[in-house]
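Shown next, in structure tokens, is the structure this report addresses.
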Amino acid sequence: MKLMRVAIYIVGGLVVILAIVLVVLHFTGSGDDANINNSNENTNINALENSLANENVNLNENTNGGTKVNVNLVNNTATNPVKSSESSLKAIARSFAERFGTYSNHSDYENIEHLLPYMTSQMKQWATNFVEGQRASAGYAGIYFGTTTKALSVETLLFSEETGTAEFLVQTQRKESTGATSNARIYYQDIKIKFEKEEQSVWKVDQSWWQ
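Just so you know, we're using the numbering used here here: the sequence shown kicks off at 535 and counts up by one.
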């Protein structure tokens, strides 16, 4: 009888310990889930900003003695809705300016096409019409001509979460090459980039114009 009682006590104790372990694991797991959810939310918020260096694009293919230009730019495959902070939008504006202003007569306007996912419907329509018009009127590309743009600084002109509008002034250095790099001309030019929120509070570029 004593042995049976001891066995019962041992089994009962093990059951209690197991129950405690299961309760602890349950609450620990819930905390992990919460952390994962918070992490995912932060990832979405910074999706565009974090993708700035994800795509190394060989933009300007030159077969006539010029240069190949490699630029780290926004990843055109990112489509997650983004609620960006002002600092995130400034980073996107910087990258957008570099992509928008880096092109060659051999790249067939890929610089603009890669930016279509980041444009509002209105600007996307303008960009599509512009590219189609340029391709229709373009003849033989001839000797290489290209411009490389590097963003130097970004200034906030307007940022409003309430109205869903933001505007930035990006100061850039531009390098214009014809034929070979020895013929390069360096100059400085500003570009204004305006953002607007579309559906699901997604910030997208609505206008960009060189100064």
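Cβ coordinates follow ideal geometry from the N, Cα and C atoms, glycine included.
Contact between the segment 699-707 and the segment 718-734 is established, with three or more Cβ pairs separated by less than 8 angstroms.
With fewer than 16 other CB atoms across the displayed protein chains lying within 10 angstroms of its CB, S621 is exposed. Take the alpha-carbon of E732 and the one of K684: they are about 28 angstroms apart. With contacts defined by Cβ atoms closer than 8 angstroms, S742 and F634 form a contacting pair. Between the C-alpha atoms of E666 and G698 there is a straight-line separation of about 30 angstroms. Restricting attention to Q668, T682 and F693, the CA atom closest to the CA of Y643 is found in Q668. The Cβ neighbour count for L649, taken over all protein chains shown within 10 Å, is at least 16; the residue is labelled buried. Note that the segment 679-696 touches the segment 623-640; at least 3 beta-carbon pairs, one per stretch, sit closer than 8 angstroms. A direct Cα-to-Cα measurement between V736 and A661 gives close to 19 angstroms. S655 and F693 have their C-alpha atoms roughly 20 angstroms apart.
As the crow flies, the alpha-carbon of I720 is around 15 angstroms from that of E632. Taken through DSSP and simplified to helix, strand or coil, G667 comes out as helix. Of all alpha-carbon atoms in V739, F679, K728 and K738, the one lying nearest the alpha-carbon of A718 is that of F679. Inter-residue distance for S671 and I677 is about 17 angstroms (C-alpha atoms, whole angstroms).
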